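Let me begin by presenting the structure, written as structure tokens, before commenting on it.
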Amino acid sequence: MSVEELVSLAKTAISARLAERSLPVALVGLEEQYKKVLGLMRRTIETGESNSCLILGPRGTGKTMLVRQALKDLERQFGTSYQDEYGEDEDDMDVDVVRKDFMVVHLNGLVQTDDRMALKEIMRQLSREGESELGNSNAQYPIIFILDEFDLFAQHTKQSLLYNLFDVAQSAEWPIAVIGLTCRMDALELLEKRVKSRFSHRHYYTFPPSDYHDYIDICKNALLLTPADLEIQTDVMMVGTDHRTAEAFMKEFNQRVKTLFEDGGFSKVVQRIFDLMKDVRAFYRLCFGPVAELSKESPYLRASQFYESGLQQRVDNKTELLKGTSLLELSLLIAIKHLVEREVTSFNFEMVYDEYKDFMDMAVVRGTMASSASSLGVGSGGSIASSDGVSLRLYKKAVALKAFEHLVEAELLRPADSFSKGPKEYRMMRVMLDASQISDVVLKHRDCPTIVARWAARRG
Amino acid sequence: MVTTTQRVNNRLAKAKSQAQRDILYPPSDSDSDDDELEWVGEPLNKDTLIRRTSSKTTDSSDIPSRKATRGSGLSNIPYYKAFKKGDTIYSIGDIVLLRNEQYSQRFDHPYIAQILSLWETEDGDCEGDFRWFHQGDDIAKLRRYQRTGNFPESLECGEIVYTLDDDKNDINTVIAKGKVLNEMQWREKFGEAGTSLAIEERDMTFFCRVQEQHEAERSDDDVRDQAYSERASDLEQETSEEESDESTKNLPEKRQPKKAVVATPKKRPSRNVAKIPSRSKSLVIKTPTTQRSISATAPKTDFEHARNRLHVKAVPDSLPCREDEFLEIQEHLESAIEDGTGSCIYISGVPGTGKTATVLEVIRSLQAKAEEGIVESRLEGIQAFRREAIEFAARKVGAVSGDARRALDICRRAVEIVETNAQKAEDQRRLKAGRNPFEDLGPAPDPEQVTIRTVDQAIKEMFASPNVRLIQTASLHQKLFLVALTARLRRLGLAEVEFSEIAHAHLQMCRLHNIEPPMLSDLSAICASLGSSRCLLVESGKQDLHQRVRLSVSEEDVIMALKVDPLFRRLLDTLPSAPVT
Chain A
-1 MSVEELVSLA
9 KTAISARLAE
19 RSLPVALVGL
29 EEQYKKVLGL
39 MRRTIETGES
49 NSCLILGPRG
59 TGKTMLVRQA
69 LKDLERQFGT
79 SYQDEYGEDE
89 DDMDVDVVRK
99 DFMVVHLNGL
109 VQTDDRMALK
119 EIMRQLSREG
129 ESELGNSNAQ
139 YPIIFILDEF
149 DLFAQHTKQS
159 LLYNLFDVAQ
169 SAEWPIAVIG
179 LTCRMDALEL
189 LEKRVKSRFS
199 HRHYYTFPPS
209 DYHDYIDICK
219 NALLLTPADL
229 EIQTDVMMVG
239 TDHRTAEAFM
249 KEFNQRVKTL
259 FEDGGFSKVV
269 QRIFDLMKDV
279 RAFYRLCFGP
289 VAELSKESPY
299 LRASQFYESG
309 LQQRVDNKTE
319 LLKGTSLLEL
329 SLLIAIKHLV
339 EREVTSFNFE
349 MVYDEYKDFM
359 DMAVVRGTMA
369 SSASSLGVGS
379 GGSIASSDGV
389 SLRLYKKAVA
399 LKAFEHLVEA
409 ELLRPADSFS
419 KGPKEYRMMR
429 VMLDASQISD
439 VVLKHRDCPT
449 IVARWAARRG
Chain B
22 MVTTTQRVNN
32 RLAKAKSQAQ
42 RDILYPPSDS
52 DSDDDELEWV
62 GEPLNKDTLI
72 RRTSSKTTDS
82 SDIPSRKATR
92 GSGLSNIPYY
102 KAFKKGDTIY
112 SIGDIVLLRN
122 EQYSQRFDHP
132 YIAQILSLWE
142 TEDGDCEGDF
152 RWFHQGDDIA
162 KLRRYQRTGN
172 FPESLECGEI
182 VYTLDDDKND
192 INTVIAKGKV
202 LNEMQWREKF
212 GEAGTSLAIE
222 ERDMTFFCRV
232 QEQHEAERSD
242 DDVRDQAYSE
252 RASDLEQETS
262 EEESDESTKN
272 LPEKRQPKKA
282 VVATPKKRPS
292 RNVAKIPSRS
302 KSLVIKTPTT
312 QRSISATAPK
322 TDFEHARNRL
332 HVKAVPDSLP
342 CREDEFLEIQ
352 EHLESAIEDG
362 TGSCIYISGV
372 PGTGKTATVL
382 EVIRSLQAKA
392 EEGIVESRLE
402 GIQAFRREAI
412 EFAARKVGAV
422 SGDARRALDI
432 CRRAVEIVET
442 NAQKAEDQRR
452 LKAGRNPFED
462 LGPAPDPEQV
472 TIRTVDQAIK
482 EMFASPNVRL
492 IQTASLHQKL
502 FLVALTARLR
512 RLGLAEVEFS
522 EIAHAHLQMC
532 RLHNIEPPML
542 SDLSAICASL
552 GSSRCLLVES
562 GKQDLHQRVR
572 LSVSEEDVIM
582 ALKVDPLFRR
592 LLDTLPSAPV
602 T
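As given, the protein sequences belong to chains A and B, one line each in that order. Residues -1 to 458 (my numbering) are what the first sequence spells out, left to right. Residues 22 to 602 (my numbering) are what the second sequence spells out, left to right.
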């Protein structure tokens, strides 16, 4: 096996983990919850005890992963005809081909936005699973319902879907397990009384890792290669050169990953993500670039790659948006900034233009005063050539309005009230930028005359 | 209760060791350890017996005992006059003590009964028909349910009442022979106050003074003859007997074993309490059972039993506190059925108060049953629960909502907790044994019970607010954001603040405490994430900087969660004091 092949294998495996197509190698900090959820499902399958539970936790803490992992394990256990020849290799994705002693119905509150759609989807999934299963038709197969974005189901009229699911889970009719996943901690309060009463009040919480080391472990797990990733068969006696090179590559790769985590700059980047949101996905996003860049020439992850993508993640969206904006737009923004600093939170175009004009007039006056002493001359039409060599001129109202509308289009300015009549020059607006952001834009702007920059820095 | 047990155990030196074994092993498993059981003498119906090749049957295996063929018309059931268990011979007419499955100790609160007949089923189980004696607490129950009868006001120590209730049971549950005297003999023997003269004998001896129903003084022969003649007539004319035997008719489930647990005396005096007029007999509806793909394993441990029964789906043996409603519904339905007319009933109530359960119960059996305590009635005969634990759960829930479903779920969760604990303890024991196989492990620990503490733990688990935990596990900046929000809220004395204001306060705090300030877009992401877990209530994102934010959790929660961190304690100290309300 050449290095190229190995790298591409590693790339596929890691990016699958980063994109959450495949499950992580190990659960970190969720062992307890996992055991409980698995036990609950297992009881439904084994003893036919119906159950309902909720898994609550902020986004990105592993609720869905937990359930997926549990289902995978249950399929291992109860999937009766699990073929090793070709079943193993492509197991994760097409589970419904495999016959099992239970059925799973996945619903998502974002997709099934009303009960009708949800019912249709349940029917579709059950009939599909029913086809693949061979057993006698009058046997009772336990069904596991997974309700993603559970809180959205509670918004459906009368919550009849939830009512019925919970009711079945309470009666002896058919063994089912209802598992709701939600990031709303108050999801229970959304339930109507009659629905709430039928819910078993089991909830399991997933919280983000409280410890920085746990977080690092999760991140590391995503990047470290396992023998399975490189298709190294550990139990086979055949130890060829292929096998040896693959193993050596894995060892080296993992060693590099470990040193990567010891790198100061890298740690700083990760620490920042941890401080902000403890979001594992943010780290994954950080890794996509460096992993995609792996190649035959640079087969290992390097810390410098992460500095770059770390910097990319640190930019402020809006400041970035305004990077190449025109000088007129920038001037208008500065005018707005001054208005806001004077506690004028909503304004119309005329006010902004006045502010802008005041500045320009002053600049022109100053320019003429200066021009008598130096070469700074006032051009025709009130434009002044600043010392930076950029000409500054007072644009006409119509032109400025166009620029103003451009800012509105970019939704950096928004109407203060949803409905207002009258000409657009007089429509009241609010700005969606903070004063500090505007200052940043000015600082980062490539060819901003010093006079404008000074105006922006001036307070009041 | 304990002293009784001890006394009995002391007296029955041999039985004591058995009783101990019973503590070691769950009682349901211990049947096989019991003394060998064998029939004494030839079958009584030798002549009419059709086929029976090998009648040697001592195994009371797990095969669920099929319904005795009393009504099947085949007389392939051998009836016997007596059987021998251990060293004792029990014959028809004898007074015996039966094990009460409810208690862990075999000799704790035994049932007292008289043997009416004995036979062997097709499956090889040894069964008998027993006529029960009521004891003190049974009488109390009967009285509560207004069962008519000439029961004495209260029973004296050792007094029992002869009843007309009899049903079938496994002989394996017989544990000892008892003795029933009349009042005179009793007083003669033990004196007025029941001196301590013969404590040992006293536990085995009872007296009975309710005369009309009292038949125990008859000679053994009489009873045996009568019993046998009854049996014989059974065999000859079951059909006519079935017609005439009204009490049997009214209580259809009395004859057939309800559960597959062998060797459980099914004496439930209260079951016979509320008799339903015979006209309702056609209303007995059996719910059809469907077959499952994986045959549900029969519950093995007490925990599993308890879990099963506590599942809301389980149909309780009784529905306490719904007697009036029950009777009303029953009357309505009965009259509607009698008249052949339609009827309309409107039942309303807070969820979980038992509307559905009551109606189902009426339909299912039209038979009133009642026990103390909703949960207790379900857990009857299961020793995994301590009494006070049940009471505790009931009181806790009763104080808030009175939702019975909730109470049952709490108990179910509590059983799970104990079960996992027991599992862990067992694993540790195993581990120990693995290390040194020759070390004597000693007796297994007492089976764990659900105590108040476990119930409390379950309640906490189910209802504890996750908010504090949520805030504690939040990231540094999420916490800072919450503090900034609290600070703004306090300063302004308003309920909600604009995002940009909080952001400013946040950034200022970062500068003050030398923390790397986040970008504004990071802050809005933080705000959104806190909003999605409903730590904050956030206006729609369209408003961006001007979206208004308010706390969704209580301010105390925030402060309590953050107090533990030194950095945040400092920050919290600088907060403006809460506005005076």
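Using N, Cα and C, we set each Cβ at its ideal position, and we do this for glycine too. No experiment lies behind these values; they were computed from the predicted model shown.
Segment limits, beta strand (DSSP E) that includes residue i
i	result
ARG152 (chain B)	147 to 155
PRO413 (chain A)	411 to 413
Same chain, Cβ closer than 8 Å to residue i, five either side skipped, listed in chain order
i	result
TYR161 (chain A)	GLU190, ARG192, VAL193 and ARG196
VAL313 (chain A)	none
Helix, strand or coil at residue i [DSSP, three-state]
i	result
ASN346 (chain A)	coil
CYS556 (chain B)	coil
HIS241 (chain A)	helix
GLN568 (chain B)	coil
GLU190 (chain A)	coil
THR59 (chain A)	coil
ARG428 (chain A)	strand
MET101 (chain A)	strand
GLU229 (chain A)	coil
LYS13 (chain B)	Because chain B is modelled from 22 through 602, residue 13 (chain B) falls outside the range shown and cannot be assessed.
Between the CA atoms of residue j and residue i - distance to the nearest angstrom
i	j	result
LEU381 (chain B)	GLN351 (chain B)	11 Å
PHE589 (chain B)	LEU441 (chain A)	34 Å
GLY552 (chain B)	VAL570 (chain B)	9 Å
LEU429 (chain B)	ASP448 (chain B)	28 Å
PHE164 (chain A)	PRO173 (chain A)	11 Å
GLN269 (chain A)	LYS218 (chain A)	14 Å
ARG182 (chain A)	ASN106 (chain A)	15 Å
ALA455 (chain A)	ALA333 (chain A)	11 Å
ILE133 (chain B)	ALA327 (chain B)	26 Å
LEU558 (chain B)	GLU260 (chain A)	39 Å
THR111 (chain A)	HIS104 (chain A)	14 Å
GLU412 (chain B)	VAL418 (chain B)	10 Å
VAL585 (chain B)	SER434 (chain A)	33 Å
LYS355 (chain A)	ALA526 (chain B)	33 Å
Close Cβ partners of residue i (< 6 Å) along its chain, the five nearest in sequence each way excluded
i	result
LEU25 (chain A)	TYR32
THR323 (chain A)	none
GLY178 (chain A)	LEU52, LEU145 and PHE148
ARG41 (chain A)	GLU47
PRO48 (chain B)	Low local confidence applies: a pLDDT of 43 at PRO48 (chain B) is under 50, so the model's placement there is unreliable, and no value is given.
Neighbourhood of residue i by C-beta, 7 Å cutoff - its chain only, sequence neighbours within 5 removed
i	result
ARG208 (chain B)	none
GLU245 (chain A)	ILE230
TYR213 (chain A)	PRO207, PHE272 and LYS276
ARG66 (chain A)	LEU21
GLU576 (chain B)	THR507
ARG591 (chain B)	none
GLU2 (chain A)	LYS294
LEU38 (chain A)	ASN49, CYS51 and ALA175
Delimiting residues of the alpha helix (DSSP H) encompassing residue i
i	result
ASP345 (chain B)	344 to 360
MET39 (chain A)	29 to 45
TRP60 (chain B)	Per DSSP, TRP60 (chain B) belongs to no alpha helix (DSSP H); it is in the beta strand (DSSP E), 58 to 61.
LEU331 (chain B)	323 to 331
ILE216 (chain A)	210 to 221
Going along the chain, which residues of the stretch 54 to 80 of chain A sit with their C-beta nearer than 7 Å to a C-beta in chain B?
-> Cβ contacts with chain B: LEU54, PRO56 and ARG57.
Interface residues of the stretch 512 to 542 of chain B facing chain A [CB-CB below 9 Å] = SER521, ALA524, HIS525, LEU528, ILE536, GLU537, PRO539, MET540, LEU541 and SER542
If you measure beta-carbon to beta-carbon, which residues of the stretch 22 to 50 of chain A are closer than 7 Å to chain B?
-> Within the stretch 22 to 50 of chain A, the residues whose Cβ lies closer than 7 Å to some Cβ of chain B are ILE43, GLU44, THR45, GLY46, GLU47 and SER48, listed in chain order.
Using a Cβ-Cβ cut-off of less than 8 Å, give me the residues of the stretch 364 to 376 of chain B that come near chain A, in sequence order.
-> VAL371, PRO372 and GLY373
Going along the chain, which residues of the stretch 260 to 272 of chain A sit with their C-beta nearer than 8 Å to a C-beta in chain B?
-> ARG270 and PHE272
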